[in-house]
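Comments concern the structure below.
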Amino acid sequence: MPLQFNTVKLFAGSGSTELAKKISQSYGKKLGEMTLSRFSDGEFQPFYNESVRGSDVFLIQSTNQPTDNLFELLLMIDAAKRASAHYITAVVPYFGFARQDRKDKPRVAIGAKMIANLLTAAGAHRIMTMDLHAAQIQGFFDIPVDHLDAASIFVPHIKSLNLPNLTIASPDMGGSYRARTFAKYFNAEVVICDKQRKRANEIESMSIIGDVSGQDIVLIDDICDTAGTLSKAASLIMENGATSVRAVCTHPVLSGKAYETIENSVLSELIVTDTIPLKGHSSKIKVLSTADLFARAITNINEHGSISDLFKIIDQNKQ
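Numbering-wise (the working numbering), the sequence shown opens with residue 9 and increments by one.
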């Protein structure tokens, strides 16, 4: 007998509506109907306008600020569980609080672990996300985590730029592994910008490890918040003789004066994905969509296929 698959229903949280529409279009199924009721004091309540009983439900919502995005997702999961959904997958393109993955000083919370506990307690059976700030966050969950890799989107784009003297760079020591992963697909060299911070979002000093003279530099990072690190790294790289410098960053948090900082920087462009909707504009920002990748992952989960098969596009680019 042929395999029988449960009905798939996709729903969008209010923080990821545009991306959810693209995912549903790529998947070939309309988004489910849902209402978010709001009380005058700011309290809200999600409500499914259609039955989800026995369905495989995919709830699409990034948990970037404000915290309402996270709490809305938790309520969506709880509502689906209480409505007898067969299987609930929280599709979290950007996993907020991921920078709080350890105790880096006394008397602080490990926020990423707490969020993992909340999502599981709410009733999620599975998490799908992309480019976690720290890969070990997958271990914070006691349910399956599908960790999608934006390299399968960025690598073909970087290749299409045909940069004559490509060198991959990391804006800090923590991102060196990510930079090396990209570099191996191009047989490119890696340089690292070593930064020292006074406090969060404030850089005290920065130096370059490696030679950037005459090179076309591509900075690789997972999160661009204030854009201060990328801007300072780009300036230092150009001062040391690079021909050009651009940046690739999965999650465009872009808070504070980030758009102004990027526009006034020496970066030729900042290439990001649509895991977080842009709140401003810069002529230097180019957005690549993650919708097709998430849609294929949803198909594979529903049909009990392999998620790792989605990354074969990278292997093809190595040849």
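Just so it is clear, CB atoms sit at the ideal spot from N, CA and C, and this is done for glycine as well. Here the structure is a predicted model, which is why all the values come from computation and not from measurement.
Nonlocal neighbours in the same chain, by C-beta distance under 7 Å from residue i, ignoring five residues either side
{"i": "L126", "result": "L82"}
{"i": "F319", "result": "D157 and S160"}
Nearest-angstrom beta carbon gap, residue j and residue i [assumed within contact, 8 Å]
{"i": "T234", "j": "H259", "result": "Going by Cβ atoms, the distance from T234 to H259 rounds to 13 Å, so no, they are not a contact pair."}
{"i": "C69", "j": "G131", "result": "Residue 69 is actually Gln in this sequence, not Cys. So it is not a contact: roughly 14 Å between Cβ atoms."}
{"i": "D180", "j": "H141", "result": "The pair is not a contact, with the Cβ atoms about 12 Å apart (cut-off 8 Å)."}
{"i": "I85", "j": "F302", "result": "Between F302 and I85 the Cβ distance is about 18 Å, and since that is not below 8 Å, they are no contact."}
{"i": "G50", "j": "N14", "result": "About 36 Å separates the two Cβ atoms, so there is no contact after all."}
{"i": "D230", "j": "C257", "result": "7 Å"}
Boundaries (first-last residue) of the alpha helix (DSSP H) holding residue i
{"i": "M122", "result": "G119 to A130"}
{"i": "D76", "result": "D76 to R90"}
Per-residue burial, residue i [other beta carbons within 10 Å of its own, 16 or more giving buried]
{"i": "H165", "result": "exposed"}
{"i": "S290", "result": "buried"}
{"i": "E80", "result": "buried"}
{"i": "V116", "result": "exposed"}
{"i": "Y267", "result": "buried"}
{"i": "P101", "result": "buried"}
{"i": "A143", "result": "exposed"}
{"i": "K326", "result": "Reliability fails at K326, whose pLDDT of 41 lies under 50, so the model's placement of it is uncertain and no value is given."}
{"i": "T8", "result": "There is no way to answer for residue 8, as the model of the chain reaches only from 9 to 327."}
Own chain residues within Cβ distance below 6 Å of residue i, not counting five before or after
{"i": "Q53", "result": "S45"}
{"i": "F66", "result": "L18, T97, V99 and I306"}
{"i": "Q223", "result": "N173, T175 and A250"}
{"i": "V153", "result": "I135 and Q146"}
Residues near residue i in its chain [Cβ-Cβ closer than 8 Å; skip 5 each side]
{"i": "E277", "result": "R254, A255, K292, I293 and K294"}
{"i": "K29", "result": "A20 and L39"}
{"i": "M9", "result": "Note on M9: pLDDT 45, under 50, position unreliable in the model; the coordinate value appears next. Hits under 8 Å: none found."}
{"i": "D323", "result": "Annotation note: pLDDT 44 at D323 (below 50); position unreliable, coordinate value reported separately. If we look at D323 and ignore the five residues flanking it on each side, it has no Cβ neighbours."}
Reference residue i, options the options, closest by Cα
{"i": "E271", "options": "S92, I200, F19 and L238", "result": "L238"}
{"i": "G249", "options": "V220, I145 and V226", "result": "V220"}
{"i": "S273", "options": "P285, D300 and A241", "result": "A241"}
{"i": "S297", "options": "Y35, P74 and L27", "result": "L27"}
{"i": "N77", "options": "I123, T128 and I145", "result": "I123"}
{"i": "T25", "options": "D64, T71, S59 and E58", "result": "T71"}
{"i": "E247", "options": "L169, Q33, M214 and L262", "result": "M214"}
Enclosing beta strand (DSSP E) for residue i [first to last residue]
{"i": "H155", "result": "V153 to L156"}
{"i": "M136", "result": "R134 to M138"}
{"i": "I96", "result": "Y95 to V100"}
{"i": "F302", "result": "It is not in any beta strand (DSSP E) - F302 instead sits in the alpha helix (DSSP H) that spans A299 to N310."}
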